[in-house]
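Heads up, the thing below is written out as structure tokens.
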Amino acid sequence: MGRPKTNDETVKDRLVECATEMLATHPQASVTVRAVATAAGTSTAAVYSLFGGKDGLIAAVRDEAVASLFRTVTAVPATADPLADLYALAAAYRRWGREHSHLYSVLFGGVQSFKPSGAAGAIGTGDPVRPLVAAIDRAVTESVLDGEATPIAVSLWVTLHGLVTLELAGAFDAPTADAAFRSTIHATLRGWMTPASFHEAFLRNRP
839 MGRPKTNDET
849 VKDRLVECAT
859 EMLATHPQAS
869 VTVRAVATAA
879 GTSTAAVYSL
889 FGGKDGLIAA
899 VRDEAVASLF
909 RTVTAVPATA
919 DPLADLYALA
929 AAYRRWGREH
939 SHLYSVLFGG
949 VQSFKPSGAA
959 GAIGTGDPVR
969 PLVAAIDRAV
979 TESVLDGEAT
989 PIAVSLWVTL
999 HGLVTLELAG
1009 AFDAPTADAA
1019 FRSTIHATLR
1029 GWMTPASFHE
1039 AFLRNRP
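Quick note on our numbering: the sequence shown kicks off at 839 and runs consecutively.
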């Protein structure tokens, strides 16, 4: 049986998958073209033919992570409640991290921007933070949150990223993780609410 074609899409996907698993569990410097090719059952020539080398392969792994997270958060539907939408976006981010722990580790193991490479940008990959900023913009416009979208988004993302990172590291059991997520995300959102919206929420939730 001959060696797999070096330009086959199946080989390309397998190389990205194997590189993802390796990058999630090993330092980037130790992940070599030869090691990934061997794990994928192909040749080093396939890596150079499809990605141009190690840097291109790693970029492809990150692009796949960005694209996957972007698809997840953009699938969250908008409702009449801006705060509920923000919580739903946070929940989608957490769900993606739990379901794609290898990709999450690759994407955030060394904190970088969400900006995809030129190849990914050409096929329409977007910034996964953009839906969050858009939802915050809406909440500010409707006088639900008080402040500018960027600092609010940073505050929420830092909180969310910390929660998910700790959960994936095994710092919490499942019930504790669920409770911590609910209480911490709600507390972060409350901290940015306008006095009027905070008062309204208090009255609505009062026994």
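The beta-carbon is built from N, C-alpha and C at its ideal position, and this holds for glycine as well.
Would residue i pass as a contact of residue j if the rule is Cβ separation under 8 angstroms?
| i | j | result |
| --- | --- | --- |
| Leu941 | Ser906 | yes |
| Ala930 | Val967 | no |
| Met1031 | Val978 | no |
| Gly935 | Leu1006 | yes |
| Leu1048 | Leu924 | This structure cannot settle anything about residue 1048, because the visible part of the chain is limited to 839 through 1045. |
| Arg932 | Phe1019 | yes |
| Thr988 | Thr1026 | no |
| Glu980 | Pro920 | yes |
| Thr858 | Val944 | yes |
Taking residue i as the reference, which of the options has the closest Cα?
| i | options | result |
| --- | --- | --- |
| Val914 | Gly879, Ser881, Ala926 | Ala926 |
| Ser1035 | Asp984, Thr1003, Leu888, Ala875 | Asp984 |
| Ala884 | His938, Lys850, Thr988 | Lys850 |
| Ala946 | Gln866, Glu855, Val854, Thr848 | First, the amino acid is wrong: residue 946 is Phe here, not Ala. Looking at the Cα atoms, Gln866 is the closest of the given residues. |
| Gly891 | Asp965, Thr848, Ala875, Ala973 | Ala875 |
The alpha helix (DSSP H) spanning residue i covers which residue range?
| i | result |
| --- | --- |
| Val971 | 968-979 |
| Ala1007 | Ala1007 -> no alpha helix (DSSP H), and no H or E assigned at all. |
So what's residue i in DSSP terms, helix, strand or just coil?
| i | result |
| --- | --- |
| Cys856 | helix |
| Ser939 | helix |
| Asp851 | helix |
* To do: Would you list, in sequence order, the uninterrupted alpha helix (DSSP H) runs of no fewer than 4 residues that lie entirely inside the segment 1009-1042?
  => 1012-1029
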